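Enquirer: Following our numbering, the numbering of the sequence shown begins with 12 at its first residue and continues without gaps.
Glycine included, each C-beta is placed from N, C-alpha and C at the ideal position.
Every value quoted in this text rests on a predicted model; they were computed, and no experiment measured them.
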Amino acid sequence: MEPEVDVALARPLVSGFYDKPTGAIQYVVADPTTKRCAIIDPILDFDEKSGATGTRSADALLAFIGENGLELEWILDTHPHADHFSAAHYLKQKTEAPMAIGDRIVDVQALWKVIYNWPDFPADGSQWDRLFTEGETFRIGTLPVKVLFSPGHTLASITYVVGDAAFVHDTLFMPDSGTARTDFPGGSAARLWRSIRGILALPEETRLFVGHDYQAGGREPMWESTVGAQKATNIHLVAARSEAEFVALREARDRTLPMPRLILHALQVNMNGGRLPEPEANGRRYLKFPLDGL
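1) According to DSSP, which residues form a beta bridge with Leu-142?
2) Tell me whether the beta-carbon of Leu-102 lies closer than 7 angstroms to the beta-carbon of Ile-112.
3) Measure the alpha-carbon distance for Val-25 versus Thr-89 and round it to whole angstroms.
4) By the 10 Å Cβ neighbour count, where 16 or more other Cβ atoms means buried, how is Glu-78 classified, buried or exposed?
5) Is the region 124–142 touching the region 253–266 in the sense that three or more CB pairs, one from each, lie closer than 8 angstroms?
6) What is the rounded straight-line gap between the Cα of Leu-55 and the Cα of His-95?
7) Helix, strand or coil: how does DSSP classify Glu-84 here?
8) Within a Cβ cutoff of 7 angstroms, which residues of the same chain sit near Leu-154, ignoring the five residues on either side of it in sequence?
9) I need the boundaries of the beta strand (DSSP E) containing Gly-65, first residue and last residue.
10) Are at least three pairs of beta-carbons, each pair with one atom in the region 148–162 and one in the region 55–69, less than 8 angstroms apart?
11) Near Asp-224, what residues of its chain come up, given a Cβ to Cβ distance below 8 angstroms and the 5 sequence neighbours on each side ignored?
12) Note the first and the last residue of the continuous alpha helix (DSSP H) segment covering His-247.
13) Could I get the ranges of all uninterrupted alpha helix (DSSP H) runs contained in the region 194–279, with 4 residues as the minimum, in chain order?
14) Here's the rule: buried if 16 or more other CB atoms are within 10 angstroms of the residue's CB, otherwise exposed. What is Thr-193?
15) Do Arg-115 and Ala-167 have their beta-carbon atoms positioned less than 7 angstroms apart in this structure?
16) What does the alpha-carbon distance come out to for the pair Ala-74 and Glu-82?
17) Assign Tyr-171 to one of two classes, buried (16 or more other C-beta atoms within 10 Å of its C-beta) or exposed (fewer than that).
18) Using three-state DSSP, classify Ala-49 as helix, strand or coil.
19) Return the Cβ separation of Ile-210 and Ala-177 in integer angstroms, given the expectation that the two are a contact with Cβ distance under 8 angstroms.
20) Using the Cβ count rule (16 or more neighbours within 10 Å means buried), how would you classify Glu-216?
Shown next as structure tokens:
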């Protein structure tokens, strides 16, 4: 583990890449001093209608890194996503940079291996090179990074605090869109409330980068806010000032939402570090669906 550092002293260069089909944002986070960088929440393209996969989105990240003279040091996921495939494994194969995620991924794996009826699936996190624990620190170049355990949306969600920036995945959205849903297997509105309180305990000027944007009111995509702006204007946090009020609001909202269209596709890939199923005897890969499982 790295020695404790003052995470407020560094300001990373952050580039967001919006994925229109899923509303998700991928990030390249770079140290301006060393030109070393990390990719956060990369996307492997997938069309559920044809079953086609692709690497356009991930290749765009690699092209950006090359064009800007950056060196990839980490491939980071904040949690196992329910609405897109992770490109972490693909990027590892291309670059040999290590893959990392929070250590509670094992809880998600244990839950979903039952849903998928995969008794032999190794639910030990060994699909990643490093599993981060709550409060652990590491570096991107000279930039200090601290890991905050922030469950609620999933059992394994973490936030990366990189200098004056925090990558808050699916906890908070932009203030006009509120907060993330908590009705997936293992989700909890109460835990999400506590995770959000931890994130909002960061300095007011901390830049917060969200994992999704659904373009509230038809505006252009946005993905950066601040702790201060979220406290003052987030529509769910303004409406719910206590844990009990937030749980009631969040659970009522969740009851109106359909399951993400790719959740059953994506979890079997993402709990395996972004690896697609192995080809069968005919050379083709197949996804597995639990009917009536959710």
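Expert: According to the data block:
1) For Leu-142, the beta-bridge partners assigned by DSSP are Ile-112.
2) No. Outside cutoff.
3) Rounded to the nearest angstrom, the two C-alpha atoms are 16 angstroms apart.
4) The residue is exposed, with fewer than 16 neighbouring Cβ atoms inside 10 Å.
5) No, they do not touch.
6) A direct Cα-Cα distance of roughly 7 angstroms separates Leu-55 from His-95.
7) Here Glu-84 sits in strand by DSSP.
8) Contacts found: Ala-21, Pro-23, Asp-42, Val-173 and Gly-174.
9) Start and end: 63–65.
10) Output reads no: the region 55–69 does not touch the region 148–162.
11) Correct list, in chain order: Tyr-29, Gly-34, Ile-36, Phe-184, Met-185, Ser-188, Pro-232, Met-233 and Trp-234.
12) Note, His-247: alpha helix (DSSP H), 246–250.
13) List check, alpha helix (DSSP H) in window: 200–210, 238–244, 246–250 and 254–265.
14) Taking a 10 Å sphere around the C-beta of Thr-193, we find 16 or more other C-beta atoms and assign the residue as buried.
15) Yes, they are a contact pair.
16) Linking Ala-74 to Glu-82 through their CA atoms gives a straight-line distance of about 12 angstroms.
17) Around the beta carbon of Tyr-171, 16 or more other beta carbons sit within 10 angstroms, so the residue counts as buried.
18) If DSSP states are grouped into helix, strand and coil, Ala-49 belongs with the strands.
19) So it is a contact: roughly 6 angstroms between Cβ atoms.
20) Under this definition Glu-216 is an exposed residue.
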